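A.B. asks: My questions will all concern the structure given below.
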Amino acid sequence: MYSFKPKPVTSSGLGNLSGSSVSRAVGSFRAPSIHGGSGGRGASVSTVRLLSSGVGGSLGGGYGSGLYSSFDGGFGGSDGLLSGNEKSTMQNLNDRLASYLDRVRALEEANSDLEIKIRDWQQKQGPGPAHDYSHYFKTIEDLRDKIFAATIDNSKIVLQIDNARLAADDFKTKYETEQALRMSVEADINGLRRVLDELTLARTDLEMQIESLKEELAYLKKNHEEEMNAQGEQIRGQVSVEVDSAPGIDLTKTLADMRDQYEVISEKNRKDAETWFNTKIEDLNQEVAINTEQLQTSKTEITDLRRTLQGLEIELQSQLSMKTALEGTLADTENRYGAQLAQIQILISNIEAQLTDLRADMERQNSDYKMLMDIKTRLEQEIATYRQLLEVSNLNDRQYVEGRGTTSKVIKEVTGHKCLNNTILLVFYKIYRYINTHSWFFSCRHHGRRTES
Numbered sequence: 001m002y003s004f005k006p007k008p009v010t011s012s013g014l015g016n017l018s019g020s021s022v023s024r025a026v027g028s029f030r031a032p033s034i035h036g037g038s039g040g041r042g043a044s045v046s047t048v049r050l051l052s053s054g055v056g057g058s059l060g061g062g063y064g065s066g067l068y069s070s071f072d073g074g075f076g077g078s079d080g081l082l083s084g085n086e087k088s089t090m091q092n093l094n095d096r097l098a099s100y101l102d103r104v105r106a107l108e109e110a111n112s113d114l115e116i117k118i119r120d121w122q123q124k125q126g127p128g129p130a131h132d133y134s135h136y137f138k139t140i141e142d143l144r145d146k147i148f149a150a151t152i153d154n155s156k157i158v159l160q161i162d163n164a165r166l167a168a169d170d171f172k173t174k175y176e177t178e179q180a181l182r183m184s185v186e187a188d189i190n191g192l193r194r195v196l197d198e199l200t201l202a203r204t205d206l207e208m209q210i211e212s213l214k215e216e217l218a219y220l221k222k223n224h225e226e227e228m229n230a231q232g233e234q235i236r237g238q239v240s241v242e243v244d245s246a247p248g249i250d251l252t253k254t255l256a257d258m259r260d261q262y263e264v265i266s267e268k269n270r271k272d273a274e275t276w277f278n279t280k281i282e283d284l285n286q287e288v289a290i291n292t293e294q295l296q297t298s299k300t301e302i303t304d305l306r307r308t309l310q311g312l313e314i315e316l317q318s319q320l321s322m323k324t325a326l327e328g329t330l331a332d333t334e335n336r337y338g339a340q341l342a343q344i345q346i347l348i349s350n351i352e353a354q355l356t357d358l359r360a361d362m363e364r365q366n367s368d369y370k371m372l373m374d375i376k377t378r379l380e381q382e383i384a385t386y387r388q389l390l391e392v393s394n395l396n397d398r399q400y401v402e403g404r405g406t407t408s409k410v411i412k413e414v415t416g417h418k419c420l421n422n423t424i425l426l427v428f429y430k431i432y433r434y435i436n437t438h439s440w441f442f443s444c445r446h447h448g449r450r451t452e453s
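Below is the structure:
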């Protein structure tokens, strides 16, 4: 904190002159002044120290500049160096300078408080490296690329699922067709089985008929032999009586002829029956072989279709499981990225709120900057007024010296008065330079903050 204790200017004479000091925090400047007694013969040189305080900028809304200065001086009014109006004007200007310095000191104190608050706020909540979101941009871009890639992958998976569904529908249609064909083949097989059973029964009947015919043939042969034997014995037992008459019928020959005819007929019938039976057996065997081959082919096709159906069902279940897993993964990814986007949106909202606060602070700082520029303008006007008064004072000093003569005392008084006026001018010049310098600094800082915003 700076302390400022202004001392009023007295009119007791040039002998009570003392140095004036204005403190600055950047550097020091010493201006010479004359301290001399009212009746003394010597003069001592003192210095005026001009120091400037630091400049503090705050988000709380104020530019502060402090000027710590003290000014002590006196004018001798008994010798008539200044007229009454000029003395009152100088006194008024000194009072206004003191009020300005009081105001500067108050601004200095407020600025120091704001600097402390700004440091605390910057350490706790102020923008820093933690609020630099530039490194999040790459992450956001990567997340967007991943979301885009996941969307493309999801579209591909949906397309694959649709293709798998269409393929499954095609296989289902083929399965239904093959199942209908299988049912028709099974119906044909059942019909052929009935035909095979009928043919087997017919074959059995024919075999039984053949056996019965064979037995009958054997029985006929046996009877024929018995009859032949009986006839032969009967013929051998008869007496041979020759009668000279017409020759009779040869019964043996007739019987032999009849036997030969019956044997030929029976052999022919046997061969015809055997040929018909063999033909029927071959036809049945061919039909059975063909039907058996068709049955084996149908069984093989049915087995292949069952395997294909099982493979398709397994593939369909795997595709459905993959679809469910991908849908769950997609939902989790959407939820996770949605939460991350919500956090990023909250961060963006916080940054926008901070930006709004910064803009409001900049507006307040701009108003303070304008106020300082007004103070600078008024100080320039007062410095010009001081300069005019000093020029008039110097002119009166020259007239006074020419009218009264040159004495060592008058020279000392005039020299002290000039040094005092030069000191006052130097003080106000330093004040002007200080305000001008800090106004330029505030302008640069204000422009820089506008650029950052």
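Numbering-wise (the UniProt record's numbering), the sequence shown opens with residue 1 and increments by one. Where a beta carbon is used, it is the ideal one built from N, C-alpha and C, also for glycine. Given the structure is predicted, the values throughout are model-derived calculations rather than measurements.
(1) Measure the C-alpha to C-alpha separation of A180 and K174 and round it to an integer number of angstroms.
(2) Near V195, what residues of its chain come up, given a Cβ to Cβ distance below 7 Å and the 5 sequence neighbours on each side ignored?
(3) Please identify the residue among S318, I140 and K323 whose C-alpha is closest to the C-alpha of K156.
(4) Could you tell me the alpha carbon to alpha carbon distance between L316 and A164, rounded to whole angstroms?
(5) For A384, decide whether its Cβ has a neighbour in chain B, counting only Cβ atoms nearer than 8 Å.
(6) T275: buried (16+ other C-beta within 10 angstroms of its C-beta) or exposed?
(7) Going by C-alpha to C-alpha distance, which of Y337, I351 and T292 sits closest to I189?
(8) With a floor of 4 residues, list each alpha helix (DSSP H) that falls wholly inside the segment 278–326, ordered by position along the chain.
(9) Give a yes or no on contact between the segment 336–352 and the segment 133–143, applying the rule of three or more CB pairs nearer than 8 Å.
(10) Looking at the structure shown, is Q125 part of a helix, part of a strand, or coil, going by DSSP?
(11) For D205, tell me which candidate among K268, I281, I118 and V185 has the shortest Cα-Cα distance.
(12) Quick one, are the C-beta atoms of H224 and R259 less than 8 Å apart?
(13) What is the rounded straight-line gap between the Cα of Q294 and the Cα of R193?
(14) Count Cβ pairs between the segment 145–161 and the segment 317–337 that sit closer than 8 Å; are there 3 or more?
(15) Are the beta-carbon atoms belonging to D210 and A273 less than 8 Å from one another?
(16) Just checking, does the segment 84–98 make contact with the segment 294–308 on the three C-beta pairs under 8 Å criterion?
(17) Express the C-alpha separation of Q296 and A289 in angstroms, rounding to a whole number.
(18) Would you please state the rounded distance, in angstroms, between the beta carbons of L355 and A168? I believe it to be under 8 Å.
(19) So, under 8 Å CB-CB, L330 and N154 are touching, yes? Tell me the CB distance rounded to an integer number of Å.
(20) Using only the alpha-carbon positions, how far apart do Y369 and R103 sit?
(21) Would DSSP call Y133 helix, strand or coil?
(22) Which residue from Q381, T254 and E108 puts its Cα closest to that of L93?
(23) Run the CB neighbour count on N111, radius 10 Å, all protein chains shown included, and call it buried at 16 or more, exposed below.
(24) Return yes when the Cβ of M90 is within less than 8 Å of the Cβ of L389, no when it is not.
(25) If you compare alpha carbons, which of L220, L166, L143 and E109 is closest to Y262?
(26) Whose CA, out of E86, K253 and L143, lies closest to the CA of A339?
(27) Alpha carbon to alpha carbon, how far is E198 from S184?
(28) Assuming T333 contacts A149 under a Cβ cut-off of 8 Å, what Cβ separation, rounded to an integer in Å, is found between them?
(29) Is N278 buried or exposed, if buried means 16 or more other CB atoms sit within 10 Å of its CB?
(30) For Q123 and M362, I'd like the C-alpha separation in whole angstroms.
(31) What's the C-alpha gap between G37 and A384?
(32) Where K222 and L284 are concerned, what is the direct C-alpha to C-alpha distance, given to the nearest angstrom?
(33) For S298, which residues from the same chain have a beta carbon less than 6 Å from its beta carbon, with the 5 sequence-adjacent residues on both sides left out?
C.D. replies: On the basis of the coordinates in this document:
(1) 10 Å
(2) none
(3) K323
(4) 8 Å
(5) No chain B is present in this structure, which holds just one protein chain.
(6) exposed
(7) T292
(8) none
(9) yes
(10) coil
(11) Across the set K268, I281, I118 and V185, the C-alpha of I281 shows the shortest separation from the C-alpha of D205.
(12) yes
(13) Rounded to whole angstroms, Q294 and R193 show a C-alpha spacing of 13 Å.
(14) Of all C-beta pairs linking the segment 145–161 to the segment 317–337, three or more are shorter than 8 Å, placing the two stretches in contact.
(15) Going by the sequence as given, residue 210 is Ile instead of Asp. Cβ atoms of I210 and A273: closer than 8 Å.
(16) no
(17) 10 Å
(18) Going by Cβ atoms, the distance from L355 to A168 rounds to 57 Å, so no, they are not a contact pair.
(19) The Cβ separation is near 6 Å, so the contact holds.
(20) 16 Å
(21) coil
(22) The residue with the shortest Cα to Cα distance from L93 is Q381.
(23) Buried: at least 16 other Cβ atoms inside 10 Å.
(24) yes
(25) L220
(26) L143
(27) 21 Å
(28) Incorrect: roughly 11 Å between the Cβ atoms, too far for contact.
(29) By the neighbour-count definition (other C-beta atoms within 10 Å, threshold 16), N278 is an exposed residue.
(30) Between Q123 and M362, the alpha-carbon positions lie close to 20 Å from each other.
(31) Low per-residue confidence applies at G37: pLDDT is 38, beneath 50, and the placement is therefore not dependable, though the value from the model is reported in the following sentence. Distance between G37 and A384, taken at the CA atoms: about 30 Å.
(32) 35 Å
(33) V185
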